[in-house]
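S.K.:
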Amino acid sequence: MNPVATPFFFYLLSAMALISGVLVITRKNPVHSAIALIFTLLSLAGLYLMLYAPFVAGVQIILYAGGIMVLFLFVIMLVSVSRVERESQFNKQWLVGIAATAALGVLFILVYAKGKSVFPERTVQLPEQLNTQQVAVWLYGTYMLPFEVASLLLLVAIVGAVVMAKKRI
Amino acid sequence: MTDPTKSGGASHLDLAEREHTFLDANELVLNMGPQHPSTHGVLRVILKLDGEKVRGTECVIGYLHRGVEKIAENRTYTMFNPYVDRMDYVAAVSNGLGYCEAVEKLLNIEAPPRANYIRVILTELNRLASHMLWLGTHALDIGAITPLFYTFRDREEILKIYEKYCGARLTTHAFRIGGCQYETYDGFEADVKKFVAFVTPKIDEYEELLTTNRIWVERTKGVGVLSGADCIDLGVTGPVLRASGVNWDLRKAKPYAAYSQFQFEIPTGQNGDTYDRYLVRVAEMRQSLRIISQAVEGIPEGPIMAKVPKVLKPPVGEIYHSIEAPKGELGYFIVSDGSTQPYRIRVRPPSFVNLQALDKMVRGQLVADVVAVIGTLDIVLGEVDR
Amino acid sequence: MLDYVTGYLNSNVTPGQAGNWVWALIYILLIFLGISLAVMGMVWLERKILAHMQIRLGPMRVGPHGLLQPIADSLKLLLKEDIIPESADKIVFWLAPLMVVIAAFTVFIVIPFGPTHAVTDMNIGILFMLGVSSLGVLGIIMAGWASNSHYPLMGSLRSSAQMVSYEIAMGLAVVSAVLMTSFNAGGSGTLSMIGIVQAQAAQHTWFAFKFFPLGLVALFVFAVAMVAETNRAPFDLPEAESELVAGFHTEYSGFRWSLFFLAEYTAMLAVSSIAVTLWLGGWLRPFPSWHGPAITIPNFWEHAAPLGAVDFAFSLVPAVCLFVLAAFAFVGTLRMPKHPLMKIQKGGLGALALVLAGIGLVLLIPPVRDRIQDIFWFVAKVAVFMYLYIWYRGTFPRYRFDQLMKLGWKVMLPMGLGVLIATAVVGVLV
């Protein structure tokens with residue numbers, strides 16, 4: 001199956017992701033920021049699809065956009081917003097911030113230029129149909145230990161959250 | 170005293186309106202205002218909540234107060250008879266029965282046996298109608314939207330009998346002081362028998378929808394528990410009292426109007442929760458049918474009205490007479506000063522006294538249960554406010 | 556250009572896989588049309604069926620037997636004043652119904668009405684479906700927030716908490732169905748919706764009846780979770796009128812509210828379609844592998860591929876169904892009161908009877924008859940689920956919110972996990 005109009009969709013999704021990302025940090029209203037973050041995540045899911053990784057895209061939508069962002073919104077809405085809205089969005093050290101960002105950017109460019117040979121080829125080896133199977137084989141086979149450690153970490157987090165929220169055990 | 174026209178702040182509940190987040194303040198005042206689909210009339214309940222749990226309630230009543238008892242001081246005894254129906258408008262016939270019997274006691278008159286039988290039949294039909302209305306609206310509050318239509322449809326048949334008998338469906342003014350005014354119409358017994366045969370399987374239908382329904386049981390079991398001792402302390406009567414395990418029914422304890430001649434049982438419950446009150450009322454419906462079948466078989470012949478003077482001037486004195494209305498003990502305290510108009514009539518409405526138990530029943534329960542508990546108390550605001 | 560369009564008709568893949576955007580657009584348009592018709596039908600059916608369960612008649616005036624009621628309702632909603640609360644957040648207020656509608660409609664991209672009748676067949680069809688449904692939750696939260704009022708906010712938070720809890724149980728049930736697709740010779744399963752139905756065809760059994768009773772338990776868990784997902788009775792506490800919390804769409808009026816309404820019914824259709832695809836064999840007819848003895852049929856009426864008597868019998872069912880509906884309409888026309896004012900309604904109902912009978916006749920023509928099979932069986936099964944939805948609403952009381960959450964986390968989740976493990980164990984052993 002041949003992809004259709006790849007450059008158009010790439011530029012569209014990237015633009016969406018960038019604009020939403022900027023909106024996340026510039027909006028005063030935290031709910032607006034959260035919604036912009038949702039759009040960022042959705043465009044990222046689209047970009048994953050373009051990289052022939054449909055499973056990751058699906059999981060991104062389910063977990064990140066549909067689960068984590070829901071919880072973000074819950075917390076934002078339950079906490080009073082009026083105090084936060086009056087704070088200014090940019091603090092006084094913005095010069096230092098820009099300097100740090102520039103330094104980081106230069107670092108990225110240097111790494112990419114010097115280490116281009118390390119990155120994989122632009123053509124993708126794995127067929128799209130087997131993405132889910134491949135992920136499953138790696139996750140439950142080769143990388144079983146990190147998977148179990150991650151699930152244990154999640155369990156600890158759940159228990160911790162319940163303990164903190166309950167009034168009596 | 171709280172001013173019902175002011176919203177929010179209730180006096181004796183010591184509250185602070187929350188300002189910060191939903192999470193750190195503990196208390197919230199919620200107003201179930203006079204207009205609400207589930208408060209069965211114009212009842213205002215101010216709830217003090219801690220999250221979802223109810224910490225206290227305050228009922229604000231009086232929105233339907235019409236000054237009935239004051240009006241009674243300016244009407245003769247016969248003129249006051251129609252006013253009585255308007256108090257508990259759902260069970261108007263029982264109200265009339267209580268009043269007529271109280272005045273008869275004051276005048277030392279006995280209604281003839283035929284009148285007593287007719288009174289029993291109509292009053293038990295009224296108990297059925299009241300319980301049917303209660304069942305439909307109670308189920309509707311809890312979310313089952315269908316039983317309402319079934320019970321109202323079957324209640325229509327009772328109202329048709331009333332209409333044929335005395336011309337009115339709801340506020341019937343069926344009885345007079347000294348007996349009944351109207352003779353039973355041709356076919357009254359046949360109608361009543363047909364109705365009993367018609368409605369017995371219908372009650373089974375209602376039970377089929379609700380009694381073993383898992384969701385119904387979960388919504389009503391353990392909700393609004395009131396112990397027998399609490400009932401007696403608060404003065405609660407009627408099915409609420411019987412569902413808490415106390416076997417007290419005025420039809421058996423202090424029989425009036427031919428009830429002593431019929432065989433019937435008094436259903437009681439054990440736990441005093443909403444489910445038991447539901448079961449008790451459904452069982453009462455069946456017992457009412459039993460009484461009606463027995464009564465309609467043996468209506469004695471004879472006059473329907475005792476010898477009552479044209480102008481009623483009871484001797485100076487006072488009397489308290491109560492009957493078992495569908496909602497509880499309905500009592501009339503009449504003080505006569507020898508003239509044609511009573512000096513004071515005080516009505517003891519069962520809903521007014523039962524409503525006081527709301528606070529005790531609802532503490533510690535969730536907000537969604539408040540609606541169920543108000544429904545299970547079976548209050549009629551016309552009676553509470555008079 | 557023309558052969559771009561007609562060339563697709565000879566292929567046996569979905570337009571998405573063939574890369575044919577014209578046909579993909581045509582399918583999308585057909586789905587929009589179909590959903591709109593289905594939602595209008597649901598509006599009428601819900602009111603009529605609920606009314607008949609409550610021994611009353613329901614809408615009878617707006618058309619013969621109230622058949623034009625949905626049109627009247629939509630017109631009314633369109634013409635209503637669009638009220639936006641003054642202190643509401645305008646952008647979010649506008650965005651919320653949009654998100655819910657988009658989430659509900661996007662699910663239909665992957666739903667297969669036949670082996671090639673889907674807009675596209677993604678490899679991750681089921682995953683996509685789960686993901687997009689969870690986007691709907693975001694719309695509901697935004698709706699409650701945008702109203703800037705305490706009660707809708709609490710209602711929307713409750714609603715979304717309920718939906719998120721039951722999504723987990725839904726996911727587990729879905730995984731156990733997907734697991735069943737792998738019990739074939741190659742040992743490979745698939746997440747694609749068409750692949751799941753084809754696996755059911757290959758294993759000669761609907762997954763609801765596989766490893767009895769595991770398939771049924773999984774279907775049961777999904778059926779309960781999907782009713783909770785769509786906020787319908789008995790899980791409709793956040794929307795109930797007799798509760799204190801008024802629900803997330805209180806401040807919406809007119810067209811915006813009708814978007815929520817539309818999204819609710821579309822979501823109901825979507826999750827029912829998922830249930831049908833996963834457990835009830837999608838577009839497969841009952842007893843898909845029972846062909847019956849070979850019979851000879853006169854040339855015109857013959858099937859495209861020679862099949863048996865049972866196939867022939869089942870292929871006549873769509874036409875028979877429509878004839879039965881036409882008979883109902885005809886009997887209704889005869890029973891209408893013979894009043895001069897009822898002439899138009901009588902005429903309308905009679906015309907409807909004739910149209911239905913005409914469609915039934917068209918469905919008897921062999922080329923149409925062969926092509927309509929898949930779509931008909933799919934729609935029939937989804938219709939059964941819709942009827943169940945209405946039946947639940949008429950019969951059950953409402954669950955209290957804490958009981959609802961307890962049910963989702965303490966009963967449905969363990970049941971889903973249990974059926975998943977049991978399916979895996981049984982599948983390996985058998």
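Chains as they are written, first to last, in this note's numbering: chain A, 1 to 169; chain B, 170 to 555; chain C, 556 to 985.
The beta-carbon is built from N, C-alpha and C at its ideal position, and this holds for glycine as well.
Pairs of beta-carbons, one from the region 384–393 of chain B and one from the region 954–973 of chain C, closer than 8 Å: are there three or more?
M.R.: yes
S.K.: Using a Cβ cut-off of 9 Å (strictly closer), state whether C:F738 contacts chain B.
M.R.: As a first step, residue 738 of chain C is located in the third sequence; it is residue number 183 there, counting from the start. No, because no Cβ of chain B sits closer than 9 Å to the Cβ of C:F738.
S.K.: Alpha carbons only, please: which of B:V272, B:C400, B:A366 and B:S508 is nearest the one belonging to B:Q439?
M.R.: As a working mapping, residue 439 of chain B is identified with position 270 in the second sequence. The residue with the shortest Cα to Cα distance from B:Q439 is B:C400.
S.K.: Exposed or buried, A:K166, counting other C-beta atoms within 10 Å across all chains shown (16 or more means buried)?
M.R.: In the first sequence, the residue the question calls residue 166 of chain A occupies position 166. That one is exposed.
S.K.: Would you check if the distance between the CB atom of A:L41 and the CB atom of A:I25 is smaller than 9 Å?
M.R.: The count along the first sequence starts at 1 and reaches residue 41 of chain A at position 41. The count along the first sequence starts at 1 and reaches residue 25 of chain A at position 25. No, these two residues do not count as a Cβ contact at 9 Å.
S.K.: Taking only the alpha-carbon atoms, compute the straight-line gap between B:A194 and B:T443 and give it to the nearest angstrom.
M.R.: Translated into the one-based positions of the second sequence, residue 194 of chain B becomes position 25. Translated into the one-based positions of the second sequence, residue 443 of chain B becomes position 274. Note on B:A194: pLDDT 49, under 50, position unreliable in the model; the coordinate value appears next. The straight-line gap from Cα to Cα measures roughly 31 Å.
S.K.: Per DSSP, B:E227 forms a beta bridge with which residues?
M.R.: Position 58 of the second sequence holds residue 227 of chain B. The partner list for B:E227 (beta bridge, DSSP) reads B:I215.
S.K.: Name the one or two DSSP bridge partners that B:V516 has.
M.R.: Looking up residue 516 of chain B in the second sequence gives position 347. Its beta-bridge partners are B:Y501.
S.K.: Using a threshold of 9 Å, state whether the C-beta atoms of A:L73 and A:A17 are closer than that.
M.R.: Here residue 73 of chain A corresponds to residue number 73 of the first sequence, with the count starting at 1. Here residue 17 of chain A corresponds to residue number 17 of the first sequence, with the count starting at 1. Cβ atoms of A:L73 and A:A17: not closer than 9 Å.
S.K.: Please identify the residue among C:T569, C:G847, C:L919 and C:H607 whose C-alpha is closest to the C-alpha of C:I583.
M.R.: As a working mapping, residue 583 of chain C is identified with position 28 in the third sequence. If we check each option's Cα against that of C:I583, C:T569 comes out closest.
S.K.: Write down the C-beta distance between B:D254 and B:N243 rounded to the nearest angstrom, noting that I regard them as a contact closer than 8 Å.
M.R.: In the second sequence, residue 254 of chain B corresponds to position 85, counting from 1. In the second sequence, residue 243 of chain B corresponds to position 74, counting from 1. Beta-carbon to beta-carbon, B:D254 and B:N243 are separated by about 18 Å, too far to satisfy the 8 Å threshold.
S.K.: Identify the contact partners of C:M970 in chain B, using a Cβ-Cβ distance below 7 Å as the criterion.
M.R.: As a working note, residue 970 of chain C is residue 415 in the third sequence. Chain B residues near C:M970: none, gap ~15 Å exceeds 7 Å.
S.K.: From A:L130 to B:T380, what distance separates their C-alpha atoms?
M.R.: Locating residue 130 of chain A in the first sequence gives position 130, where the first residue counts as 1. Locating residue 380 of chain B in the second sequence gives position 211, where the first residue counts as 1. Cα to Cα, A:L130 sits roughly 54 Å from B:T380.
S.K.: What are the residues in the region 671–690 of chain C lying within 8 Å of chain B by C-beta distance?
M.R.: none
S.K.: For C:G770 and A:A100, I'd like the C-alpha separation in whole angstroms.
M.R.: Reading the third sequence from its first residue, position 215 is the one you call residue 770 of chain C. Reading the first sequence from its first residue, position 100 is the one you call residue 100 of chain A. Their backbone Cα atoms lie some 58 Å apart in a straight line.
S.K.: Using DSSP with H/G/I as helix, E/B as strand and the rest coil, what is B:V392?
M.R.: Within the second sequence, numbered from 1, the residue matching residue 392 of chain B stands at position 223. Residue state, collapsed to three classes: coil.
S.K.: Using only the alpha-carbon positions, how far apart do C:I695 and C:K645 sit?
M.R.: As a first step, residue 695 of chain C is located in the third sequence; it is residue number 140 there, counting from the start. As a first step, residue 645 of chain C is located in the third sequence; it is residue number 90 there, counting from the start. Each residue's Cα considered, the two are about 15 Å apart.
S.K.: What are the residues of the region 17–35 of chain A that lie near chain D, defined by any Cβ-Cβ distance shorter than 8 Å?
M.R.: Among the chains of the structure shown, chain D does not appear; the protein chains present are A, B and C.
S.K.: Residues of chain A with CB under 9 Å from C:V752, in chain order?
M.R.: Here residue 752 of chain C refers to the residue found at position 197 when the third sequence is read from its first residue. Correct list: empty, because the minimum Cβ distance to chain A is about 17 Å.
S.K.: On the three-state DSSP scale, how would you describe B:E273?
M.R.: One-based indexing of the second sequence puts residue 273 of chain B at position 104. In the structure shown, B:E273 sits in a helix (DSSP, three-state: H, G or I).
S.K.: Measuring only the C-alpha atoms, how far is C:L904 from C:G621?
M.R.: Counting from one through the third sequence, the residue named residue 904 of chain C turns up at place 349. Counting from one through the third sequence, the residue named residue 621 of chain C turns up at place 66. About 11 Å.
S.K.: Taking its Cβ as the centre, do 16 or more other Cβ atoms sit within 10 Å of B:L192, making it buried, or is it exposed?
M.R.: What you label residue 192 of chain B is simply residue 23 of the second sequence in a count that begins at 1. Bear in mind that the predicted position of B:L192 carries a pLDDT of just 44, short of 50, making it too unreliable to give a figure here.
S.K.: Does the CB of B:F364 have a neighbour CB from chain C at under 9 Å?
M.R.: Here residue 364 of chain B is taken as the residue at index 195 of the second sequence, counted from 1. Not closer than 9 Å to any Cβ of chain C, the Cβ of B:F364 fails to qualify, so no.
S.K.: If you reduce the DSSP assignment to three classes, tell me which class B:L199 lands in.
M.R.: Here residue 199 of chain B refers to the residue found at position 30 when the second sequence is read from its first residue. Note: B:L199 maps to strand in three-state DSSP.
S.K.: Looking at the unbroken beta strand (DSSP E) that takes in C:H607, where does it start and where does it end?
M.R.: As a working note, residue 607 of chain C is residue 52 in the third sequence. From DSSP, C:H607 is part of no beta strand (DSSP E) but of the alpha helix (DSSP H) over W576 to M608.
S.K.: Which one or two residues does DSSP pair with B:E493 in a beta bridge?
M.R.: By one-based count along the second sequence, residue 493 of chain B stands at place 324. Looking at the DSSP assignment, B:E493 forms a beta bridge with B:E498.
S.K.: Report the option in B:I468, B:V449, B:V542 and B:L448 whose CA atom is closest to the CA atom of B:Q430.
M.R.: On the second sequence, residue 430 of chain B is found 261 positions in, with the first residue counted as 1. B:Q430 has its Cα closest to that of B:I468, out of B:I468, B:V449, B:V542 and B:L448.
S.K.: For a contact meaning CB atoms closer than 9 Å, what does C:W700 contact in chain A?
M.R.: As a first step, residue 700 of chain C must be located in the third sequence, where it is residue number 145. Within 9 Å Cβ-Cβ: V31, L73, I76 and M77.
S.K.: Specify, as a first and last residue, the run of the alpha helix (DSSP H) that B:P299 falls within.
M.R.: Against the second sequence, residue 299 of chain B aligns to sequence position 130. Note that residue 299 of chain B is Ser in the sequence shown here, rather than Pro. Residues P282 to I311.
S.K.: Could you tell me if B:D219 is buried or exposed, where buried requires 16 or more neighbouring beta carbons within 10 angstroms of its beta carbon?
M.R.: Locating residue 219 of chain B in the second sequence gives position 50, counting from the first residue. Answer is exposed; the Cβ neighbour count stays below 16.
S.K.: How far does the alpha helix (DSSP H) with C:E722 in it extend, from its first residue to its last?
M.R.: Locating residue 722 of chain C in the third sequence gives position 167, where the first residue counts as 1. Counting along the chain, the alpha helix (DSSP H) containing C:E722 begins and ends at H705 to M735.
S.K.: So if I threshold CB-CB distances at 9 Å, which residues from the region 38–60 of chain A count as touching chain C?
M.R.: Correct list: I38, L42, A45, P54, F55, A57, G58, V59 and Q60.
S.K.: Candidates C:I664, C:P619, C:M697 and C:W599: which alpha carbon is nearest C:V647's?
M.R.: Along the third sequence, one-based indexing puts residue 647 of chain C at 92. For the residues C:I664, C:P619, C:M697 and C:W599, the minimum Cα distance to C:V647 belongs to C:M697.
S.K.: Please classify B:R296: is it buried, with 16 or more other beta-carbons within 10 angstroms of its beta-carbon, or exposed?
M.R.: Position 127 of the second sequence, counted from the start, is the residue given in the question as residue 296 of chain B. Buried, because 16 or more other Cβ atoms sit within 10 Å of the Cβ of B:R296.
S.K.: Within the same chain, show all residues whose beta-carbon is closer than 6 Å to that of C:M735, passing over the 5 residues directly before and after it, in chain order.
M.R.: Walking along the third sequence from the start, residue 735 of chain C turns up at place 180. So the qualifying residues of the chain are F762 and K765.
S.K.: Under 8 Å Cβ-Cβ, which residues of chain A neighbour C:V692?
M.R.: Here residue 692 of chain C refers to the residue found at position 137 when the third sequence is read from its first residue. Residues of chain A passing the Cβ test: G66 and V70.
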